[in-house]
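In our numbering, the protein residues as written are 1 to 173.
Each remark here refers to the structure printed beneath this line.
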Amino acid sequence: DVAAFQRFAQFQLIAAMNPCPCGYLGSQQKACRCSPDQVARYQGKISGPLLDRLDLHREVHSLPTADLLQLPAGEASANIAQRVLAAQHIAQARQGKLNAQLQPQELEAHSGLDAAGQAFLLQTAEHLGWSARATHRVLKLARTIADLAASATVGAAQVAEAVQYRRALRLLQ
């Protein structure tokens, strides 16, 4: 007899990749030396279903060294942590769990999506050919953006901001 164990894991995956084999596609500092076929093959190694399961996609360009050394001071980590905790408390009070943990049916019930936000989300999802999974991930993110602003409703502005975090990997799609 073989015993089977099921374990559920909660984890946060943070991943990075270059846009092409040489790493310079879209760079302002150096020219990319990859052919379109090389870029397509390289980017084809990451499956659409895998990307679909990632909540946030960000494209990060390198900065010239001079700019890197002259960056203005950003918001203090303690302030950011306070805002995140406040947003988590809002979500817990509303639905008893964090937004990331919502199942699709729960998300529909607790999203607070207004008519303009819903119209924008549906139009964008259709235009970009998103799966139901990707659409729900954007809605969860929009709900979180609204919670960070202490907004009870999710409008077109929050959905538009969330969409930007899905569109950052346009080279891959």
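We put the beta carbon where it would ideally sit given N, CA and C, even for glycine.
Quick caveat, the model's predicted, so the values are computed rather than measured.
Closest residue to residue i among the options (Cα-Cα distance)
i    : options                  : result
S35  : A109, I46, C20 and I145  : C20
V154 : A115, W130 and T124      : A115
I14  : D55, A149 and E161       : D55
A146 : L102, L113 and T135      : L113
R143 : A119, L107 and Q6        : L107
A16  : A150, E59 and A31        : E59
A152 : L128, Q95, A132 and H136 : Q95
G23  : A134, S62 and F5         : S62
Q10  : R41, L98 and E126        : L98
Through-space distance from residue j to residue i, alpha-carbon basis
i    : j    : result
R166 : H57  : 5 Å
P104 : G48  : 20 Å
Q29  : Q70  : 18 Å
I80  : A160 : 22 Å
Q101 : A157 : 23 Å
L25  : Q164 : 20 Å
A91  : V138 : 16 Å
G74  : A3   : 52 Å
L141 : N18  : 24 Å
Q82  : E126 : 36 Å
A86  : Q12  : 20 Å
Three-state secondary structure (DSSP) of residue i
i    : result
L113 : strand
V39  : helix
F120 : helix
V174 : The displayed coordinates of the chain run from 1 to 173. Any statement about residue 174 would go beyond what the structure contains.
Y24  : coil
A100 : helix
Q164 : helix
A13  : The identity of residue 13 in the sequence shown is Leu, whereas the question assumes Ala. Looking at L13 - three-state DSSP - the assignment turns out to be coil, as it is neither helix nor strand.
A125 : helix
L107 : helix
Residue-chain proximity (residue i, chain D), Cβ-Cβ < 7 Å
i   : result
Q38 : Protein chain content of the structure displayed is limited to a single chain, and chain D is not contained in it.
Element boundaries [alpha helix (DSSP H), containing residue i]
i    : result
L51  : G48 to D52
Q95  : S77 to Q95
L136 : It is worth fixing the name first, because residue 136 is His in this sequence and not Leu. Note, H136: alpha helix (DSSP H), A132 to L148.
L67  : A small correction: the amino acid at residue 67 is Asp; Leu does not occupy that position in the sequence shown. Run containing D67: T65 to L69, per the alpha helix (DSSP H) assignment.
Beta-bridge pairing of residue i - partner residues as DSSP gives them
i    : result
V154 : L113
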